[in-house]
Amino acid sequence: MQSTSLGRLDVPRIGLGVMGMSAYYTGAGRDGAESIRTIRRAVDLGVTHLDTAEVYGPYVNEELLGRAIKGRRDEVVLATKFGLVSHTGRPGPDSTPASIHTAVDGSLRRLGTDRIDLYYQHRVDPNTPIEETVGALRDLVEAGKVLHIGLSEAAATTVRRAHAVHPVAAVQSEYSLWTRDPEAEVLPTLRELGIGLVPYAPLGHGFLTGDIRTLDGLDAADWRRSNPRFTGDNLTRNLRIVDQVREVADEVGATPAQVALAWLLAQGDGIAPIPGTKRIDRLEENSAADGIRLTPGQIARLNNLTPASGERHAEPDMAAVDQ
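Structural data, given as structure tokens:
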């Protein structure tokens, strides 16, 4: 597995999002043993950038990851997030210094480690100045509990303000062939400041694998059943994207998922997607995308795809992004 840099943090070009092993998706949480086997196989393959958050579960996803990496902590880059769970009793997002200091200690305990490699603010807290939040994170870096800091779904102006207080290593945002939002302002700002981009949902929440053409087979509680891009006419309209991705995949002898990841990697250095899966076969498929090279013509065709129809989140969740 080749590597890239998120600020001063070196990571493999393809990581692993652990969230879906515990929550939100069909089959999540059903077989912790399978998930642990997949995480350990990821480390064997060099997919050592592992991403979680305290809110996933909540808490149980960090505990799962902690069990999986026991005895192998020094082989991995651990990333987790705070801010969507309040530890002060305040309603809504909480990135106050008091909440952060409680959050980090809980994450360290659940992960079974003495430091977090990359610690993200999960969503910008509109009631706490970003300078105050990053100041608290700077204190955690100085204490050795955190090595690098990041933001998630932050606007370009917020990234600049944060970076002025302490270097930001990475911004995590949804970015894929059906979500191109970062290209307008966030990605150019990150390039200017030397900050990496960690695309989450790089496979469009499973859509870009080509395996989802209807909602049949998804659990009743699977959050995609209420996601605007998977419902109504939007699902039918969005099938054109994966059909065109499949055309490129057939040309290069790859899967649609591999082409979607290879396209992301072709956008330049400092981009490290974290596709999620609990299955070893999917993990191996995704990691193999690191070796796929698309031609300039294929990249141009993919660049010209029209992004997905429908908002990427429901209205309350969209209000929390790009802040």
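Quick note: to get my numbering, add 29 to the position in the sequence shown (first position is 1). Idealized CB from N, CA, C, for every residue including glycine. Since the model is a prediction, treat every value here as computed from it, not as a measurement.
Counting the other Cβ atoms within 10 Å of the Cβ of residue 110 gives 16 or more, which makes it buried.
Secondary structure note for residue 126: its alpha helix (DSSP H) is the uninterrupted segment 126-140. Around the beta carbon of residue 120, a 10 Å sphere encloses fewer than 16 other beta carbons of the protein chains shown; the residue is thus reported as exposed. Inter-residue distance for residue 90 and residue 48 is about 6 Å (C-alpha atoms, whole angstroms).
One alpha carbon belongs to residue 70, the other to residue 321, and they sit about 21 Å apart. For residue 171, the enclosing alpha helix (DSSP H) stretches over residues 159-172. Here residue 304 carries a coil assignment [DSSP, helix/strand/coil].
Approximately 5 Å separates the beta-carbon atoms of residue 238 and residue 286; this is inside 8 Å, confirming the contact. Going by C-alpha positions, residue 75 is about 14 Å away from residue 304. Listed in chain order, the non-local C-beta contacts of residue 273 below 7 Å within the same chain comprise 334, local neighbours out to five positions each way being set aside. Going by beta carbons, residue 206 and residue 216 fall outside the 9 Å limit. Around the beta carbon of residue 158, fewer than 16 other beta carbons lie within 10 angstroms, which makes this residue exposed. Residue 176 is positioned such that its CB atom lies closer than 9 Å to that of residue 145. Taking a C-beta distance under 9 Å as the contact criterion, residue 339 and residue 263 qualify as a contact pair. Residue pairing by DSSP puts residue 32 in a beta bridge opposite 41. When DSSP states are grouped into helix, strand and coil, residue 327 belongs to the helix group. CA-CA distance, residue 317 to residue 143, rounds to 32 Å. Under DSSP, residue 178 takes part in a beta bridge, and its partners are 148, 197. Looking only at 342, 319, 247, the smallest Cα-Cα distance to residue 56 is reached by 247.
Out of 166, 38, 162, the CA that lies nearest to the CA of residue 105 is found in 38. Taking C-beta atoms under 8 Å as the contact rule, residue 114 and residue 155 fail to qualify, at a distance of about 16 Å.
When secondary structure is reduced to three states using DSSP, residue 105 falls in the coil class, being assigned neither helix nor strand. When C-beta atoms of the region 227-235 are compared with those of the region 287-306, three or more pairs fall below 8 Å, so the two segments count as touching.
In the structure shown, residue 310 falls within a helical segment according to DSSP collapsed to helix, strand and coil. Just so you know, the alpha carbons of residue 162 and residue 279 end up roughly 47 Å apart.
In the three-state reduction of the DSSP assignment, residue 227 falls in the strand class. For residue 336, the CB contacts under 7 Å within the same chain, skipping 5 residues up- and downstream, are 207, 208, 209 in chain order. Around the beta carbon of residue 244, fewer than 16 other beta carbons lie within 10 angstroms, which makes this residue exposed. In its chain, beyond the 5 residues on either side, 141 have a beta carbon closer than 7 Å to the beta carbon of residue 99. Inter-residue distance for residue 30 and residue 45 is about 13 Å (C-alpha atoms, whole angstroms).
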